[in-house]
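To convert, note that position 12 of the sequence shown is -8 in this note's numbering; the numbers rise steadily by one, no gaps. Ideal Cβ positions, reconstructed from N, Cα and C, are used throughout, including at glycine. Note that the coordinates shown come from a computational prediction; the quantities given were computed from them, not determined experimentally. See below for the structure under consideration.
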Amino acid sequence: MISANGWRRPLVLLDVDGVLNAVPYFGRSEAWSDWQVGEAAAAGSRFRITWSPSVVDAVLSWREVAEVQWLTTWGRDANASLRHLVGLPELPVAGTHDEVVAPPGTGDPEAGTLAALTPAAPDPLTGRWWKFDVVRRLVHDDPDRRLVWIDDDLARQEDIRAWMRREAQCLLVAPEPSSGLTPAHLESVDIFLRS
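Structural data, given as structure tokens:
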């Protein structure tokens, strides 16, 4: 999306679990004092969601200066009961594990096949990760567009983080799954988007 003054709005790619939905393994994180708990449906099942309205307010404010899209294993289900539960509008879906196509010139004709087998994280044998395939396509299609990628799984992906720093104008945010996005994360994203 191009703004009224002609510059390309940054893109924010937002994961759900471990980012918007804190997954408190050993009790509730103290990152926020306004935690809410509810249930959302995806793929025919219901899941417990723990979120902070403060995080949702930040995501809503990012939409003033950026395009926000889902990049999550929730796929299109993120726009069903989940978004209603937490109070977000419908957001575009950047890609899903069963729609992945490698960007031109990557030399990998089977880019979409691994995602159907291991959609949540990189395959331990091949290292392929469907979310990275989506992001590579986005970077290839618009290399000058500033990008924020928020995903807790980025913490374990040094090679992907190195590629992103080399190939894109980006901010990579990898929250701890037990707290999701924290005030410090929100501040760094806001500074990046508004600078």
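Counting every other CB atom within 10 Å of its CB across the protein chains shown gives Ala154 a total of 16 or more, marking it as buried.
Around Gln16, the same chain offers Trp31 as residues with beta carbons nearer than 6 Å, after the five sequence neighbours per side are excluded. Leu134 is bridged by DSSP to nothing; it lacks a bridge partner. With contact defined as three or more Cβ pairs closer than 8 Å, the segment 117 to 136 and the segment -12 to 5 are in contact. According to the DSSP assignment, Val66 belongs to the alpha helix (DSSP H) that extends over 61 to 66.
Beta-bridge partners assigned by DSSP to Asp(-3): Asn1. One alpha carbon belongs to Asp37, the other to Ala74, and they sit about 21 Å apart. Take the alpha-carbon of Asn59 and the one of Pro69: they are about 8 Å apart.
In the structure shown, Ser32 adopts coil according to DSSP, grouped into three states.
Per DSSP, Leu161 lies in no alpha helix (DSSP H) and is assigned neither H nor E.
According to the DSSP secondary-structure assignment, Phe27 is paired through a beta bridge with Ala20.
For Arg126, the secondary structure class from DSSP, reduced to helix, strand or coil, is coil. If the five residues before and after Gly55 are omitted, its C-beta is found closer than 6 Å to the C-beta atoms of Thr76, all from its own chain and listed in chain order. Taking C-alpha positions only, Leu152 is separated from Ser25 by approximately 30 Å. One Cα belongs to Arg43, the other to His64, and the distance between them is close to 17 Å. The beta carbon of Leu127 lies closer than 6 Å to those of Leu(-9), Ala148, Cys150 in the same chain, with the five residues before and after it left out.
Of the residues assessed, Asp122 falls on the exposed side of the cut-off, its CB having fewer than 16 other CB atoms within 10 angstroms.
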